[in-house]
Amino acid sequence: MNFIEEVKWRGMLHNIMPGTEEILKEKNVAAYVGIDPTADSLHIGHLVGVMLLKHFQIAGHQPIALVGGATGMIGDPSGKSAERNLLTIETIRHNQEKIKTQLAKFLDFSEDKENKALMVNNYDWMSKFSFLDFIRDVGKHISVNYMIAKDSVKKRMNSSDDKDAEGLSFTEFSYQLVQGYDFLHLYKEHNCKLQMGGSDQWGNITTGTELIRRMLQGKAYALTSPLITKADGGKFGKTEKGNIWLDPEKTSPYEFYQFWINTSDADAEKYLKIFTVLNKEEIENLVNEHNEAPHTRILQKTLAEKLTTMVHGKDAYDTSVSASQILFGKGTKENLQSLDEKTFNDIFSGVPHFNINKNSLEEGINIFDLLAEQTQVFKSKGEIRRLIKDKGLSLNMEKFTNPDEPVKSEHLINDKYLVIRQGKKKYSIIITE
RNA sequence: GGGGGGAUUCCGGAGCGGUCAAACGGGGCAGACUGUAAAUCUGUUGGCAUAGCCUUCGGAGGUUCGAAUCCUCCUCCCCCCA
Numbered sequence: 368m369n370f371i372e373e374v375k376w377r378g379m380l381h382n383i384m385p386g387t388e389e390i391l392k393e394k395n396v397a398a399y400v401g402i403d404p405t406a407d408s409l410h411i412g413h414l415v416g417v418m419l420l421k422h423f424q425i426a427g428h429q430p431i432a433l434v435g436g437a438t439g440m441i442g443d444p445s446g447k448s449a450e451r452n453l454l455t456i457e458t459i460r461h462n463q464e465k466i467k468t469q470l471a472k473f474l475d476f477s478e479d480k481e482n483k484a485l486m487v488n489n490y491d492w493m494s495k496f497s498f499l500d501f502i503r504d505v506g507k508h509i510s511v512n513y514m515i516a517k518d519s520v521k522k523r524m525n526s527s528d529d530k531d532a533e534g535l536s537f538t539e540f541s542y543q544l545v546q547g548y549d550f551l552h553l554y555k556e557h558n559c560k561l562q563m564g565g566s567d568q569w570g571n572i573t574t575g576t577e578l579i580r581r582m583l584q585g586k587a588y589a590l591t592s593p594l595i596t597k598a599d600g601g602k603f604g605k606t607e608k609g610n611i612w613l614d615p616e617k618t619s620p621y622e623f624y625q626f627w628i629n630t631s632d633a634d635a636e637k638y639l640k641i642f643t644v645l646n647k648e649e650i651e652n653l654v655n656e657h658n659e660a661p662h663t664r665i666l667q668k669t670l671a672e673k674l675t676t677m678v679h680g681k682d683a684y685d686t687s688v689s690a691s692q693i694l695f696g697k698g699t700k701e702n703l704q705s706l707d708e709k710t711f712n713d714i715f716s717g718v719p720h721f722n723i724n725k726n727s728l729e730e731g732i733n734i735f736d737l738l739a740e741q742t743q744v745f746k747s748k749g750e751i752r753r754l755i756k757d758k759g760l761s762l763n764m765e766k767f768t769n770p771d772e773p774v775k776s777e778h779l780i781n782d783k784y785l786v787i788r789q790g791k792k793k794y795s796i797i798i799t800e
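What the first sequence shows, in this note's numbering, is residues 368 to 800, in sequence order.
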């Protein structure tokens with residue numbers, strides 16, 4: 368199956384420039400996706416672009432990940448209503464390194480591979496460009512009329528249409544030109560004929576193809592993916608805690624696994640197509656299986672398995688599964704007590720920890736002081752009071768219903784831990800020392 | 001430069017001298033139902049204390065027994081005219 372057909376059935380194709388499919392009939396074509404190094408980790412929102420590259424490489428072509436060191440210093444106005452904060456070069460370099468390690472989990476960078484993945488940083492060529500040279504050699508070829516016709520710019524210019532819009536600085540206005548030049552540079556240096564990205568990048572990409580046409584009389588192509596949505600209209604990839612990161616320090620493997628497990632039925636098939644490399648038949652079988660027995664949540668489990676294994680490895684996946692079984696299965700106090708320390712720590716490694724002095728429990732401590740003062744499990748005592756009233760608080764897997772009941776040393780699991788649960792899903796543990 | 005409108009609790013948005021911790025909707029949280037899904041229903045959603053108290057309605061002052069509500073000044077936003 369060729370690349371275009373592949374992304375098409377996966378629902379990853381939004382817009383494509385005529386001729387793209389033909390050019391991809393050639394062997395080993397290069398294409399790139401830009402990644403902003405705004406943090407030192409990718410988050411799952413980046414994964415669509417990464418998967419585009421992965422499928423591209425699987426199809427026998429060469430994927431290039433462009434880290435936007437230069438563009439990251441500017442800030443893409445697309446889809447944003449306010450000016451962006453700027454990054455320093457040190458930060459960008461640091462971020463680039465971390466991101467490359469993560470990309471290596473998806474793309475094959477090995478030297479001996481004919482279509483090995485590449486990673487480049489546009490800071491490396493843009494930083495050598497003087498302002499004068501840039502506006503003379505590049506700016507000359509694109510008219511302002513062309514640039515302001517782009518949606519991303521237009522939206523920010525008509526601030527009256529959108530009361531949140533802030534206008535845009537010259538810096539942001541220049542963004543598309545700088546990105547366009549990236550494409551031109553890769554076209555020249557790596558014979559890169561295609562740029563891919565989210566549908567919000569269409570305008571920026573076409574500035575690049577236009578620049579290539581005018582400056583080099585070359586022909587370059589564009590392909591975009593739809594922005595990922597959730598069936599309930601919420602933002603994909605966010606939880607109340609923010610982004611889901613690939614970095615285990617930022618999002619623990621357990622939380623990562625839980626994110627995918629919690630995918631709604633309405634989204635699961637779509638996500639399987641986008642985020643895994645399972646083929647059409649495999650996914651169809653899973654969907655059938657799911658329809659037979661929805662409660663087994665085979666789609667969510669497969670999603671979580673594939674993604675967690677890919678990003679964090681088999682061991683982390685296994686731990687996440689067993690942790691989830693204890694935490695969401697018919698976990699009881701006895702289960703908790705039967706765990707050895709090592710297993711206990713593994714299971715709760717992804718759960719917020721709070722420390723407390725062991726002596727505080729000798730006399731018994733009331734639940735409010737314990738959870739809102741000695742520790743910050745909850746923000747206020749009122750919140751705890753409400754939770755208890757609503758039957759939403761558990762201590763060591765047992766409902767905590769009496770606000771006057773003191774917490775004592777006897778409650779400790781393994782003479783050391785308290786497991787606090789809010790509602791069904793949110794756990795915290797308190798460690799005495 | 002002239003004229004007008006506005007800033008309210010997470011968001012939107014009522015309130016226009018006491019009965020306002022502040023309607024209503026959204027969101028959040030919890031419960032029921034389930035499948036750690038969706039939908040639905042119920043409760044809850046400033047803080048502290050078990051009917052009370054304390055801090056909130058852009059900022060600073062003032063009037064009043066009493067203000068989110070009235071007055072003055074300030075800051076910021078929007079609209080119309082030049």
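Cβ atoms here follow ideal geometry from the backbone N, Cα and C, with glycine treated the same way.
From Asn733 to Trp612, what distance separates their C-alpha atoms? 36 Å
Under 8 Å between C-beta atoms of Leu433 and Val400: yes
Starting from Phe540, follow the alpha helix (DSSP H) in both directions and report where the run begins and ends. 537-557
Quick check on Met677: does DSSP put it in helix, strand or coil? helix
In or out: Gln692 buried (at least 16 other Cβ within 10 Å) or exposed? exposed
Judging by CA-CA distance, which residue of Arg503, Ala635, Leu760 is the nearest neighbour of Pro661? Ala635
DSSP on Ile693, reduced to helix/strand/coil? helix
Does the stretch 612-630 come into contact with the stretch 666-675, if we say contact requires no fewer than three beta-carbon pairs (one atom in each stretch) closer than 8 Å? yes
For the beta strand (DSSP E) containing Phe721, name the first residue and the last one. 720-723
Cβ-based neighbour list, Lys617, same chain, cut-off 7 Å, excluding 5 preceding and 5 following: Ser408
Quick check on DSSP: helix, strand or coil for Val774? strand
What residues in its chain sit with their C-beta under 6 Å from that of Val417, if we drop five residues either side in the sequence? Phe473
Just how far apart, CA to CA, sit Lys560 and Tyr554? 6 Å
Could you compute how far the alpha carbon of Gln543 sits from the alpha carbon of Tyr490? 15 Å
Does Lys783 come out as helix, strand or coil in the three-state DSSP assignment? coil
Asn488: first and last residue of the uninterrupted beta strand (DSSP E) it sits in: 485-488
Burial state of His720 (16 or more Cβ within 10 Å): exposed
By a C-beta neighbour count over all protein chains shown, 10 Å radius and 16 as the cutoff for buried, is Ser705 buried or exposed? exposed
To the nearest angstrom, how far is it from the Cα of Asn781 to the Cα of Asn658? 43 Å
According to DSSP, is Thr468 helix, strand or coil? helix
Rounded to whole angstroms, how far is the Cβ of Tyr621 from the Cβ of Ser689, which I believe are closer than 8 Å? The Cβ separation is near 10 Å, so there is no contact.
Assign Met514 to one of three DSSP states: helix, strand, or coil. helix
Measure the CB-CB distance between Gln789 and Leu754 and report whether it falls below 8 Å. yes
Helix, strand or coil for Asn769 per DSSP? coil
Closest Cα partner of Asp614 within the set Asn646, Glu577, Asp632, Gly680: Gly680
If I'm right that Asn488 touches Gly436 with Cβ under 8 Å, what's the distance once you round it to whole angstroms? 4 Å
Distance check for Lys709 and Val774, CA to CA, integer angstroms please. 25 Å
From the DSSP output, in three-state form, read off Arg377 for me. coil
Just confirm the distance between the C-beta atoms of Asp567 and Leu590, as a whole number of angstroms; I'd bet it's less than 8 Å. That belief does not hold up - the Cβ atoms of Asp567 and Leu590 are roughly 14 Å apart, past 8 Å.
Does Gln704 come out as helix, strand or coil in the three-state DSSP assignment? helix
Beta-carbon separation (whole angstroms), Ala398 vs Gln562, contact threshold 8 Å: 7 Å
Three-state secondary structure assigned by DSSP to Asp528: In this predicted model, Asp528 has a pLDDT of only 41, less than 50, meaning its place in the structure is not dependable; the value taken from the coordinates is given anyway. Residue state, collapsed to three classes: helix.
Have a look at Phe735, Leu578, Leu779, Lys758 and flag the residue whose alpha-carbon is nearest the alpha-carbon of Gly749. Phe735
Who are the near neighbours of Ala469 in its chain, counting only those whose CB is closer than 6 Å to its CB and skipping five residues on each side? Note that residue 469 is Gln in the sequence shown, not Ala. Once the five neighbours on either side are set aside, the close Cβ partners of Gln469 are Leu409, Leu613.
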